[in-house]
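Enquirer: In full-length UniProt numbering, the protein residues as written are 1 to 451. Just so it is clear, CB atoms sit at the ideal spot from N, CA and C, and this is done for glycine as well.
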């Protein structure tokens, strides 16, 4: 089983937006040139507006309009929609100013199109959220067993009805007798998805009753898989060594890794050329703000536990770690970070020198965060964070799935949470996931949250 249900809902949102964009253009041209509207008007506007719409859809993705866990009819969602519309308006105006070769300067048409797009997308998202939350379309879930991860799933589904799931029934360990009536329960409660907390292979009675459910065409998930589908992370506390054998050893990605390395080199060179312009300005700002060197070097753990040195613009006061390595606090609370350093961190400009690490092959653009040897090989980390070393199977990245989904880690508990996202990336890494991570990183940088 996979997460096709959630991906299908995201696809509906995306293609619904595509239809709305072109429908808005049709309505705009009809209203603008009625009653003398001709096919020539459509042909003249189709290509430039198609280019603009493609950019707009990327902006919609960056601002999170296709994330189901945030696509609720709430003030936060509509604030994101408004920001996206404003950004898209600016992009469109700039586009027609820079590329007059299309032969149109659609001031009135563009304003009308933006207004219609905003209204139709607002109505479309209202309708979509109401539709997927309607009782007849909800996916009824039966959970067999109970633990803290199951409790997280239950609360997450209740807080996110737009995902389209509903917990219809639970069978706890004290009610195992009900397992023998599993077929009857599935039919009576109209169950479409069964989630087993314990491994069914360890319970002969359970596996036999699940077998009898085959004709009912019910989706069956173990806890780690369903948890992954819902939350985009792997529950470290409930997986064992066999999970890594099944999901990492059997899935070789040599072609992907080779192609990714090629893209890393190309983009590092391109960004490096642009970054050279900023280097002198950043260097002057660092020198004027505090004493100390411009660059900062620090040992980190890379792929296969190899130690390398990252290069960054210095963002802390000189001698910030004279007492040894320590967890970094959040920027606004960490007294070691300089005023210029704080701005560099929020915009990620402090990491521009790490393009050299990418070119050397020590890092990638996307991957787990490279941590310090003092933390990675410390006895506390080894004891409190299970399977931590597995994250070093791939190159660390300038950004990553854990970095965009979880705030900066400042403790071993935070490290455990981020590790769950790292394992999700290791299992599901692909060009599409890398692109999504890069786009969301842009969103975070623009919102000045940092990663």
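Below 8 Å on the Cβ atoms is my contact criterion, and I expect residue 370 with residue 402 to pass it. Report the Cβ-Cβ distance as a whole number of Å.
Expert: Wrong, their Cβ atoms sit about 12 Å apart, outside the cutoff.
Enquirer: What do you reckon, are the CB atoms on residue 426 and residue 394 nearer than 8 Å?
Expert: Yes. Within cutoff.
Enquirer: Near residue 112, what residues of its chain come up, given a Cβ to Cβ distance below 6 Å and the 5 sequence neighbours on each side ignored?
Expert: Closer than 6 Å at Cβ, skipping near neighbours: 28.
Enquirer: Since residue 193 and residue 139 should fall inside the 8 Å C-beta cutoff, what is the C-beta to C-beta distance between them, to a whole number of angstroms?
Expert: Residue 193 to residue 139, Cβ: 6 Å. Contact.
Enquirer: Determine the direct distance from the alpha carbon of residue 23 to that of residue 200, and round the result to whole angstroms.
Expert: One C-alpha to the other measures close to 50 Å.
Enquirer: Ignore the nearest five residues each way along the sequence and tell me which others in residue 105's own chain have a CB closer than 7 Å to its CB.
Expert: If we look at residue 105 and ignore the five residues flanking it on each side, its Cβ neighbours are 96.
Enquirer: Thinking just about the alpha-carbon of each residue, which of 416, 77, 11 is nearest to the one in residue 233?
Expert: It is 416 whose Cα lies nearest to the Cα of residue 233.
Enquirer: If contacts are defined as beta-carbon pairs under 8 Å, then residue 302 and residue 362 qualify, I think. What distance do you get, rounded to the angstrom?
Expert: Contact flag correct, Cβ pair sits at about 5 Å.
Enquirer: Select from 358, 296, 310 the residue whose C-alpha is nearest the C-alpha of residue 266.
Expert: Ranking 358, 296, 310 by Cα distance to residue 266 puts 358 first.
Enquirer: Ignore the nearest five residues each way along the sequence and tell me which others in residue 420's own chain have a CB closer than 7 Å to its CB.
Expert: Cβ within range, chain order: 233, 234, 235, 236.
Enquirer: Please go through the same chain and pick out, in chain order, the residues whose beta-carbon is closer than 6 Å to the beta-carbon of residue 453, but skip the five residues on each side of it.
Expert: For the chain, the structure presents residues 1 to 451; residue 453 sits outside this window and is missing.
Enquirer: Identify which residue in 84, 18, 294 has its Cα closest to the Cα of residue 59.
Expert: With distances taken between Cα atoms, residue 59 lies closest to 84.
Enquirer: For residue 170, which of helix, strand or coil comes out of DSSP?
Expert: Here residue 170 sits in strand by DSSP.
Enquirer: Over the uninterrupted beta strand (DSSP E) stretch that includes residue 219, give me the two end residues.
Expert: It spans 219-222 - the beta strand (DSSP E) in which residue 219 sits, taken as one unbroken run.
Enquirer: List the whole-angstrom C-beta distance separating residue 186 from residue 141, where the pair is believed to meet the contact cut-off of C-beta under 8 Å.
Expert: In fact, because the Cβ distance is near 11 Å, the residues do not count as touching under 8 Å.
Enquirer: Hey, which unbroken runs of the beta strand (DSSP E) at 3 residues or more fall wholly within the region 181-205?
Expert: If we require 3 residues or more, the beta strand (DSSP E) runs fully inside the region 181-205 come out as 193-196.
Enquirer: Check this for me: beta carbons of residue 244 and residue 286, under 8 Å apart or not?
Expert: Cβ distance not < 8 Å, so residue 244 and residue 286 don't count as in contact.
Enquirer: Across the region 117-131 and the region 148-156, are there enough close Cβ pairs to call them in contact, namely three or more that are closer than 8 Å?
Expert: Touching, no, given that fewer than three Cβ pairs across the two stretches are closer than 8 Å.
Enquirer: Between the alpha carbons of residue 92 and residue 51, how many angstroms are there, rounded?
Expert: Each residue's alpha carbon lies about 10 Å from the other.
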